[in-house]
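*Asks:*
Numbering (the numbering used here), first residue to last: 30 to 154.
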């Protein structure tokens with residue numbers, strides 16, 4: 030029985046090491062250097078990827094975002110007090126993954142920030 034217990038313990042330890050290695054590999058796949066390098070298949074998916082990466086990149090700081098011309102243009106378009114301000118946020122809503130809570134909360138915060146800036150700028154005029 031003791032040799033059977035030792036064999037079972039050894040098998041358990043080996044399986045635990047493989048589980049740890051598997052979890053480590055799963056974490057590695059989400060790092061930016063392991064993201065796919067290929068371009069999206071269609072022009073619509075390329076536009077979606079460009080929009081999402083410009084406004085909500087996972088691997089860049091906010092200072093990079095505010096230096097991008099597309100982000101500046103969409104922000105200025107969102108600050109227009111007429112119906113035009115809905116265009117960038119609607120495009121962003123259509124582009125995000127609705128099952129990702131972070132993207133949804135981030136979108137709501139961006140909309141609230143735009144509304145606040147719009148009201149402040151209109152109040153100054």
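Built from N, CA and C at the ideal position, the CB exists for glycine as well.
#1: Leaving out five residues before and five after residue 80 in sequence, what residues of the same chain have Cβ atoms less than 6 angstroms from its Cβ?
#2: Taking the alpha carbon of residue 145 as the reference point, which residue from 109, 133 and 121 has its own alpha carbon closest?
#3: Can the beta-carbon of residue 94 be found closer than 8 angstroms to that of residue 87?
#4: Need the endpoints of the alpha helix (DSSP H) that residue 119 sits in, please.
#5: Can you list, in chain order, the residues of its chain with a C-beta nearer than 8 angstroms to that of residue 114? Leave out the 5 residues immediately preceding and following it.
#6: Would a C-beta distance cut-off of 8 angstroms place residue 140 and residue 118 closer than the cut-off?
#7: Since residue 121 contacts residue 150 with CB under 8 angstroms, what's their CB separation in whole angstroms?
#8: If I follow the unbroken alpha helix (DSSP H) through residue 94, where does it start and stop?
#9: How many angstroms separate the CA atom of residue 89 from the CA atom of residue 78?
*Replies:* Let's see:
#1: 124
#2: 109
#3: no
#4: Here the alpha helix (DSSP H) through residue 119 covers 115-124.
#5: 106, 107, 108, 143 and 147
#6: yes
#7: Not really, about 20 angstroms apart at Cβ, beyond 8 angstroms.
#8: DSSP places residue 94 inside the alpha helix (DSSP H), whose first and last residues are 91-94.
#9: 15 angstroms
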